[in-house]
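What follows is a short report on a single structure.
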Amino acid sequence: MVLNACLIIKDNKILVFKEGNIWNLPYIDIDDPDRVEILLKKYVKDNLGLLVDIVQIFNTYQILKNDKNINVNVYEANLVNEKLDPKNIEANFFSVDELNNNEVSETLKFVMSEL
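Position one of the sequence shown corresponds to residue 20 (my numbering), numbered consecutively onward.
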């Protein structure tokens, strides 16, 4: 399984959304490298109201979830517009220190350790 996540940083804060009780990066489940950037941009626009440009791969991680190995590609993205407008999800920008006081996904833990 391959997940592709989007790392968006504004004023030293990371954009995350709440999935259950856990904060996570916006991501999509797709294993088609030719469509990843287009679909990540669409997901962020449709769900968070933000326009982004995918810049480059930040890193790739392997996590274990429900006894399955999952590869997670994290892409850096720049904001084109800065008005966050989440659709039916809880989302916001948080500093690493703020996120350290909350439950976060394994992928987000890896990313936070590198910032």
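Where is the CB? At the ideal position from N, CA and C, for every residue including glycine.
- Taking the CA atoms as reference points, ASN66 sits about 25 Å from ILE82.
- Per the coordinates, the alpha-carbon of ILE49 lies some 19 Å from the alpha-carbon of LEU127.
- Taking ILE73 as the centre and dropping the five residues before and after it, the same chain places the C-beta of GLU56, LEU59, LYS60, TYR94, ALA96 closer than 7 Å to its C-beta, in chain order.
- A contact between stretches requires three or more CB pairs, one per stretch, nearer than 8 Å, and the region 103-112 meets this requirement with the region 27-43.
- Where ILE41 is concerned, the enclosing beta strand (DSSP E) starts and stops at 41-43.
- Counting only residues of its own chain and dropping the five nearest sequence neighbours on each side, GLN75 has a CB closer than 8 Å to the CB of TYR94, GLU95.
- Where ASN90 is concerned, the enclosing beta strand (DSSP E) starts and stops at 87-98.
- A check of alpha carbon separations from ASP116 across MET131, ASP104, LYS106 identifies MET131 as the nearest.
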